Structure formats: structure tokens, C-alpha cells
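Some notes on the structure that comes next.
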Amino acid sequence: MGIGGISIWQLLIILAIVLLLFGTKRLKNIGGDLGGAIKGFKKSMSDGEKQAEADAEKREQISEDEKGTTIEGEVTPKEKEKV
Numbered sequence: 028m029g030i031g032g033i034s035i036w037q038l039l040i041i042l043a044i045v046l047l048l049f050g051t052k053r054l055k056n057i058g059g060d061l062g063g064a065i066k067g068f069k070k071s072m073s074d075g076e077k078q079a080e081a082d083a084e085k086r087e088q089i090s091e092d093e094k095g096t097t098i099e100g101e102v103t104p105k106e107k108e109k110v
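For the sequence shown, our numbering begins at 28 and goes up steadily by one.
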């Protein structure tokens, strides 16, 4: 028994049918296209992570800038005037 209950002979028959249907040149092109797609996906993922890090740094810098100064004072009740 092979992968998922499929024997090696069944896999070889499927491989032979695929080769007959598509040919080696077409399968090579499909493999190259698939590899390029995976490479592009990985590149976009790393670009997305870099962008997320840059956004986090910007947010951190903005929050530090917005801290401002603290004004200390005393709260006193307001007196009502009698008419």
C-alpha cells in the first residue's frame, strides 16, 4: 500500500496516462508556471510582512509624538452667584 491506499502500480498507471495526455513539454511548462506562481506568492508574503512592520513602526512613532505634555493643576469647585 502506498499513499492513501493507492499502490505504486496505480500511481505509475496514472503517471503514464498524464504523460500521454499532456506530454513532457507541456508538463514542464506547467511545472515552471507553478514554480513561478509559488515564488511570486512567497515574495508578496514577505513584502506584506515588511509593510506590516513599517506600519507598526509608524504607529509607534505617532503614538510617541501624540503623548504631549501633562499639565498639572488643582481642581476647585465653582461657586454659584446669587441673584
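Glycine is no exception: its CB is placed at the ideal position from the N, C-alpha and C atoms.
Please read these numbers as outputs of a predicted model, since none were measured by experiment.
- Query: On the three-state DSSP scale, how would you describe Gly100?
  - Reply: coil
- Whole-angstrom distance between Ala79 and Asn56, CA atom to CA atom: 34 Å
- Item | Backbone CA spacing between Gly67 and Ala81 [nearest angstrom] | 21 Å
- Who are the near neighbours of Gly59 in its chain, counting only those whose CB is closer than 7 Å to its CB and skipping five residues on each side? none
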